[in-house]
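Taking it in order: structure first as structure tokens, then the write-up.
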Amino acid sequence: MTAVAAGLVRRKPAASPNLRYRWSVAVLAVLLVALMLLYVMVGPVLFAPDLVIKALAGQPEEPLHRIAVREVRLPRALMAALAGAMLSSSGAFLQSVLRNPLAAPATVGITQGAVLGAVLALVLTFGSEGALNDLNTLVPLAAMAGGLAAGGLVYGLSYRRAGSDPLRLILTGVVVAAALSAATSFLVLLSGSHTDSIIRWLVGSLSTRTWDHLRFLVPVAVLAVPLAVATIPVGNVLQLGDATAVNLGLRAELARAGVLTTAVVLAAGAVSVVGGIAFLGMMGPHLARTLVGSDLRRLVVCSALVGAIILVAADLMARTFSLDWIPLLSIETESGSRIPVGAFTALVGAPFFVYLLRART
Amino acid sequence: MTGTEPTVGHPSIWVDRVAAGYRGHEVSRRLSLSIERGSRTALVGPNGSGKSTILKTLARLIKPLSGSVYLNGKDIGRLPTREVARRMAILPQVHEVPPELTVLELVSQGRFPHVGALRMLRHTDDEAVQEAIRLTRLEHLMDRPVDTLSGGEHQRAWMALALAQQTDLLLLDEPTTFLDVGHQLDLLGLVSRLNRDHRVTVVMVLHDLNHAARFADRMIAVLEGDVVADGPPTEVLTPGLLRECFGVEASVMEDPQTGAPMCIPHTTIPSDR
Amino acid sequence: MIVLSCLSVGVVLCSLAWGTPTLSVGKVVGALFGSAGVEDSHRFIVRDLRLPRVIGGALAGGMLGASGAVMQDTLRNPLAGPELIGVSAGASLAVATIVAFRLPFPGVALPIAALAAGLITGTLILSLVSLKTNPMHMLLVGAALTALINALVIAAITLAPNFGGVSIIYRFLVGSLSDVQWDEIRLAAPWAIGLPLVILLAGRPLNILKLGDEVAEGLGVGVRRTRAVLFAASVLLVAPVVAIAGPIGFIALVSPHIVRRLLRTSDARVVLPVAAVTGAVLVLAADTAARLALHPHEVAVGLWTALLGAPTLLVLMQRGILRRRPSA
Ligand SMILES: Nc1ncnc2c1ncn2[C@@H]1O[C@H](COP(=O)(O)OP(=O)(O)OP(=O)(O)O)[C@@H](O)[C@H]1O
Ligand SMILES: [Mg+2]
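Residue numbers (our numbering), protein chains in the order written: chain A, 218 to 578; chain B, 265 to 537; chain C, 5 to 332.
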């Protein structure tokens with residue numbers, strides 16, 4: 218009798234969260250590497266894995282391979298992984314500090330601010346030579362500034378004498394996001410015939426991304442790492458509510474500002490090179506949470522991995538569907554994909570999002 | 265309990281002519297109060313009388329509208345908030361938890377004031393967390409997400425968080441809500457033991473007057489923000505007070521086992537308030 | 005009321021008169037009523053270029069204003085508006101797909117497709133969030149849905165065989181009246197009958213719904229059915245607008261709030277018609293500004309409404325339209 222009762226009560230011992238975490242990270246990392254390899258293999262010219270490795274190692278069988286792999290596909294794959302990781306971990310920070318699992322850079326206006334900055338820079342430099350080739354470094358800089366400014370604006374607008382609070386931050390964010398995207402559309406008017414490149418910014422796209430863009434993104438990511446490390450424990454406490462945070466010796470308002478800063482830097486950085494990718498910032502942390510729970514120390518790492526995987530996979534699909542499958546051996550077709558990757562994340566994101574919300578209620 | 269050397273001569277908490285409340289809504293006009301080191305104080309009073317407000321003011325969760333609160337003789341508003349957190353823990357009346365956060369992860373956050381933002385948890389921290397979980401009898405629920413717990417288990421998890429803070433002052437706002445009668449006694453017994461063995465000073469809001477009388481050595485009755493009675497349970501728990509404060513007719517007798525006063529409410533008085 | 009009617013007459017006249025060329029009021033009236041002595045070109049400009057646009061704008065604004073008022077009370081959410089919860093975007097996606105890919109549908113199918121898509125999005129969002137949870141939830145889900153659908157709209161437009169350039173993006177992402185001519189008016193006119201019907205019939209049930217589900221049931225109103233019908237009605241008002249002019253934003257959201265604030269009432273029987281008139285005035289004013297501000301460029305009207313509406317909404321929020329809501 219007691220034995221039965223004990224058996225009923227104890228049930229199957231669940232895998233300890235730590236073990237689960239290690240396994241999740243390992244599996245996700247392997248998956249990411251495999252996907253990136255696949256990414257580099259697939260294109261107008263299909264490369265076998267050994268060719269890829271040779272090309273990466275600098276001993277290509279044909280110089281063309283080296284260019285295709287090292288100069289075109291590899292930077293784009295790295296970019297997808299890095300930007301995906303940044304967007305998704307930004308979402309993890311936002312969801313914890315705003316205490317809402319639906320918060321994301323694109324729902325509170327950070328993404329829209331960065332996109333506005335980018336489009337503004339594009340429009341202002343139209344006259345000049347080479348403005349539209351995407352190497353124009355002014356554009357990511359302006360995007361970064363736009364994202365940071367949008368974050369500041371949302372925070373400032375929701376600040377009252379007693380400080381800010383998550384509810385007000387979100388409501389303000391949603392409205393600011395709407396206003397900023399209207400402002401962006403306003404700029405589209407002035408873009409004349411260059412709508413194409415602007416659309417790529419609106420929806421988010423990785424086409425024509427090269428090492429130069431990566432050179433911009435990496436310093437931002439490097440800057441974000443100490444920020445993230447410093448704000449993870451703080452965010453962990455803050456997600457238990459302001460009262461508990463104060464009880465545990467945290468200045469809640471300062472802490473919130475700190476965690477928000479991390480989130481804004483991460484998101485603005487990512488958007489400044491890949492544009493306004495939808496859904497990733499919401500989807501990534503969600504999937505990660507189902508794997509490793511809400512402790513930010515684990516959640517952020519896992520979100521980053523999941524985000525990287527999603528964006529690499531989505532861009533791979535975007536590229537693959539744009540190839541037209543015409544056996545053209547020219548590299549030019551590699552550079553542009555007609556379907557922006559953001560459309561793919563949205564397509565994948567939609568059913569997932571619906572499923573997620575249903576599962577919660 | 266931790267390395268905080270008691271400042272001799274000062275009461276643990278001293279409230280000096282404090283107006284407590286919220287912007288545009290003053291709850292307590294001019295409150296003065298002193299909580300002695302090693303005491304067990306129970307705050308009682310009807311709903312909305314201001315008990316939580318007073319407790320939150322003691323815990324610097326809300327700023328006094330005027331006046332000051334002193335912790336070990338120092339103005340709490342000027343102490344670094346993390347230092348306060350190493351000396352005082354509060355269990356608030358309402359909690360927020362993110363989904364999927366496990367009990368262990370929640371309780372570990374109690375070490376935050378000791379660990380700091382940048383350092384990792386150490387072995388001693390781990391022990392404090394395990395101890396808190398053991399004391400609240402949550403071992404078997406350690407890896408369960410907090411938002412899937414029952415009301416009582418939930419409450420105990422938060423209690424464990426406060427215990428993991430290892431402070432020598434505990435402020436508890438209705439620690440026994442949601443608990444069944446066994447766990448209520450368990451928790452109040454635990455509080456008494458902490459008080460007896462580790463000289464932890466306890467201030468708690470309790471709705472059960474009999475529990476208050478039995479587990480506290482001092483009762484403070486609050487009505488509309490003001491202290492209307494203050495003293496040992498035998499002096500405070502009287503039919504007169506029950507009538508004035510709660511509007512009930514009740515008889516008070518002595519608990520044959522513990523010697524504490526005990527009340528049995530009979531009827532409410534039709535109120536003209 | 006008097007102020008509002010003067011305002012609307014003024015706005016109508018202004019939007020007929022201003023532009024290239026700017027005409028005097030006398031000439032406008034002359035052109036409208038066919039008096040002699042008006043140049044043919046002016047008559048053409050007023051009657052065939054500006055008049056349909058003014059009528060279209062007024063219709064659109066009126067229907068949006070009423071739709072917002074109905075939706076906010078039905079869902080008991082002060083921030084419910086077709087543009088924030090995804091209904092406009094959904095409808096726009098349907099229309100954009102048909103137009104961009106030149107799908108072989110007759111013109112009358114446009115509002116129907118918009119209605120169907122709007123209803124689908126609306127049902128989706130209502131099935132996703134419970135009305136009892138906090139208002140923010142619906143907003144976030146709606147914002148996410150809108151972002152998603154907008155991405156799809158952009159994808160549809162860019163993938164279409166003949167990319168129509170900026171103006172088509174405008175029309176389907178932000179809303180623009182520049183394509184509205186007599187044909188479009190004819191398309192939308194039959195649907196406009198819904199407007200007076202809703203204004204007449206919806207006021208009372210809305211007032212009861214506002215009291216809360218339990219009270220409403222107690223008063224003998226079938227809450228679920230009433231809510232479904234009213235919600236469908238609000239979508240019905242939006243669909244034809246989207247079909248001819250795209251998802252013009254913030255009119256539905258802001259007009260009812262302006263009315264409630266100015267008239268200091270939340271009685272739906274009053275708010276509904278006044279919000280409709282307010283919406284019409286706002287759209288016409290915005291459209292006139294849209295035509296003139298950056299002349300010779302034309303800024304789509306939806307941009308103006310969003311650029312002006314969003315700050316207005318923020319101000320209203322600061323003043324606490326959300327204050328009495330349950331907190332998160
Ligand atoms: N955040 C707040 N802002 C304004 N007024 C508040 C706030 N919280 C509480 N009050 C008001 O302050 C008064 C005292 O509230 P308090 O929470 O201290 O009561 P309490 O004695 O703890 O009651 P209970 O037994 O129900 O917990 C009440 O009138 C309450 O409405
Ligand atoms: Mg209380």
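C-beta: ideal position from N, C-alpha, C; glycine also.
Straight-line Cα distance separating residue j from residue i
| i | j | result |
| --- | --- | --- |
| residue 226 of chain A | residue 404 of chain B | Because residue 226 of chain A carries a pLDDT of 39, less than 50, the predicted location of this residue cannot be relied on, and the following value inherits that uncertainty. Spanning the two alpha carbons is a distance of roughly 9 Å. |
| residue 80 of chain C | residue 142 of chain C | 11 Å |
| residue 558 of chain A | residue 158 of chain C | 12 Å |
| residue 339 of chain B | residue 307 of chain B | 22 Å |
| residue 306 of chain A | residue 452 of chain A | 13 Å |
| residue 305 of chain C | residue 101 of chain C | 21 Å |
| residue 252 of chain A | residue 132 of chain C | 33 Å |
| residue 192 of chain C | residue 12 of chain C | 21 Å |
| residue 365 of chain B | residue 507 of chain A | 11 Å |
| residue 254 of chain A | residue 530 of chain A | 11 Å |
| residue 111 of chain C | residue 52 of chain C | 20 Å |
| residue 529 of chain B | residue 471 of chain B | 13 Å |
| residue 329 of chain B | residue 510 of chain A | 40 Å |
| residue 283 of chain B | residue 436 of chain B | 21 Å |
| residue 513 of chain A | residue 313 of chain A | 8 Å |
| residue 386 of chain A | residue 186 of chain C | 45 Å |
| residue 520 of chain A | residue 447 of chain B | 39 Å |
Unbroken alpha helix (DSSP H) run spanning residue i, endpoints
| i | result |
| --- | --- |
| residue 328 of chain A | 327 to 341 |
| residue 457 of chain B | 445 to 462 |
| residue 283 of chain B | Counting along the chain, residue 283 of chain B falls outside any alpha helix (DSSP H), though it belongs to the beta strand (DSSP E) covering 277 to 286. |
| residue 406 of chain B | Note, residue 406 of chain B: premise wrong, no alpha helix (DSSP H); not H, not E. |
| residue 381 of chain A | Careful: residue 381 of chain A lies outside any alpha helix (DSSP H) and carries neither H nor E. |
| residue 488 of chain A | 469 to 491 |
C-beta contact flag for residue i and residue j at 7 Å
| i | j | result |
| --- | --- | --- |
| residue 356 of chain B | residue 460 of chain A | yes |
| residue 280 of chain C | residue 118 of chain C | no |
| residue 488 of chain A | residue 308 of chain A | no |
| residue 256 of chain C | residue 211 of chain C | no |
| residue 239 of chain C | residue 91 of chain C | yes |
| residue 291 of chain B | residue 314 of chain B | yes |
| residue 333 of chain C | residue 303 of chain C | Summary: the structure shown does not reach residue 333 of chain C, with chain C confined to residues 5 through 332, and so no result is reported for it. |
| residue 485 of chain B | residue 309 of chain B | yes |
| residue 154 of chain C | residue 64 of chain C | no |
| residue 314 of chain C | residue 392 of chain A | yes |
| residue 282 of chain C | residue 262 of chain C | yes |
| residue 310 of chain A | residue 480 of chain A | yes |
Candidates the options, of which the one nearest residue i by Cα
| i | options | result |
| --- | --- | --- |
| residue 500 of chain A | A:302, A:535, A:430 and A:440 | A:302 |
| residue 250 of chain C | C:45, C:60, C:44 and C:54 | C:60 |
| residue 419 of chain A | A:400, A:362 and A:433 | A:400 |
| residue 303 of chain B | B:456, B:531, B:499 and B:429 | B:456 |
| residue 282 of chain A | A:254, A:262 and A:503 | A:262 |
| residue 216 of chain A | A:472, A:438, A:495 and A:244 | Because chain A spans 218 through 578 in this model, residue 216 of chain A falls outside it and cannot be assessed. |
| residue 341 of chain B | B:292, B:425 and B:277 | B:277 |
| residue 184 of chain C | C:242, C:30, C:153 and C:62 | C:62 |
| residue 480 of chain B | B:297, B:500 and B:282 | B:500 |
| residue 476 of chain B | B:519, B:432 and B:363 | B:519 |
| residue 494 of chain A | A:427, A:332, A:339 and A:314 | A:332 |
| residue 160 of chain C | C:97, C:33, C:83 and C:285 | C:97 |
| residue 522 of chain B | B:513, B:336 and B:497 | B:497 |
Start-to-end residues for the beta strand (DSSP E) that takes in residue i
| i | result |
| --- | --- |
| residue 525 of chain B | 525 to 532 |
| residue 495 of chain B | 490 to 495 |
| residue 332 of chain B | 330 to 335 |
| residue 353 of chain B | 352 to 355 |
| residue 297 of chain B | 289 to 299 |
Minimum Cβ-Cβ distance from residue i to chain F less than 7 Å
| i | result |
| --- | --- |
| residue 346 of chain B | You won't find chain F in this structure, because its protein chains are A, B and C. |
Item checked: Shell residues, 7 Å Cβ cut-off relative to heavy atoms of ligand 2 -> B:315, B:316, B:357, B:437, B:438 and B:469
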